[in-house]
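J.: Residue numbering for the sequence shown follows the numbering used here, beginning at -15 and increasing consecutively.
Virtual Cβ for every residue (Gly too), placed ideally from N, Cα, C.
Quantities reported herein were computed from a predicted structural model and do not represent experimental measurements.
Can you read through this structure? Questions will come right after.
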Amino acid sequence: MPSWSDVKALNRAYASNYRPTALFVGGRAHILICGRNREAAEKIIAGLPKHPESKYEFVECDASLMKNVVKAAEEVKHRITEAGGNKKLNYLVLSQGIMTMSGFNPTSEGIDRKLALHFYGRWKFVDELLPLLEKASGDGEEARVMSILAPGTSGALDTSDFGLKKNYSVTRAGRQGPGYNDNFVA
């Protein structure tokens, strides 16, 4: 594993021939932070390095509701339109989640809140923004999706109970969300 000073040196040395665009759902880039808390996002943005070509923005979204994810994705598409109408996204980083010990807690859309954040909302963002990632890739630029959630904790998938509506438990929800993600990216 590299030392922290090596990581910082590599980050300082990073250079590309295009300004990458990234969406963090949580340098020289257009970075959008998507979440529920504008104040927290503004504190993060204030601590990011300043560069003449950098652009930092906040997009509000409660990602436990799929209708909100669609709305936020549309806002992202609008904000990252380049001159000439060119829309592309280089990095989509998904880390939304919730730590809860409560039982099944359905959103207004009928999805358990924990699974909505840990799985459904993540992949709804991917589905909505995939054309922008494909555009970046087609232009010869990096295009990556990173889903960060409880590595190594997934359990065997119960394919007869997707959404855990028949047999919900906190433990099962805690293992199924990461399991859904692991299988989705495989």
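1. Give the DSSP-derived three-state secondary structure of Pro171 in the structure shown.
2. What are the residues that DSSP puts in a beta bridge with Cys45?
3. Grouping DSSP H, G and I as helix and E and B as strand, with all else coil, what is Pro90?
4. Considering only their Cβ atoms, is the gap separating Glu41 from Leu16 smaller than 7 Å?
5. Got a sec? Which residues, its chain only, sit under 8 Å from Lys55 by beta carbon, not counting five neighbours each side?
6. To which residues of the same chain is Thr155 closer than 7 Å at the C-beta, ignoring the five residues directly before and after it?
7. Do you know whose CA, among Ser153, Asn151, Lys149, Thr137, lies nearest Asn167's CA?
8. Suppose the cutoff is 6 Å on Cβ atoms and the five residues either side in sequence are ignored; what does the same chain contact list for Asp111 look like?
9. What separation, rounded to the nearest whole angstrom, lies between the Cα atoms of Asp145 and Ser(-13)?
10. With three or more beta-carbon pairs closer than 8 Å as the criterion, would you say the stretch 124 to 134 touches the stretch 74 to 88?
11. Could you check the C-alpha separation between Ile82 and Ala(-3) for me, to the nearest Å?
12. Does DSSP put Gly163 in a helix, a strand or coil?
13. Taking Gly19 and Val53 to be in contact with their CB atoms under 8 Å, please state how far apart those CB atoms are, rounded to whole angstroms.
14. Alpha carbon to alpha carbon, how far is Arg22 from Leu49? Give it in angstroms, no decimals.
T.: In brief:
1. With the chain represented from -15 up to 170, any question about residue 171 goes unanswered, as that position is not in the structure.
2. Looking at the DSSP assignment, Cys45 forms no beta bridge with any residue, so it has no partner.
3. strand
4. yes
5. The answer, listed in chain order, is Cys45.
6. For Thr155, where only same-chain residues beyond five positions count, there are no Cβ hits under 7 Å.
7. Thr137
8. none
9. Taken atom to atom, the span from the alpha-carbon of Asp145 to that of Ser(-13) is near 44 Å.
10. yes
11. In a straight line, the C-alpha of Ile82 is about 35 Å away from that of Ala(-3).
12. DSSP places Gly163 in helix when its eight states are reduced to three.
13. Contact annotation, Gly19 with Val53: C-beta distance approximately 12 Å; criterion of less than 8 Å not satisfied.
14. 18 Å
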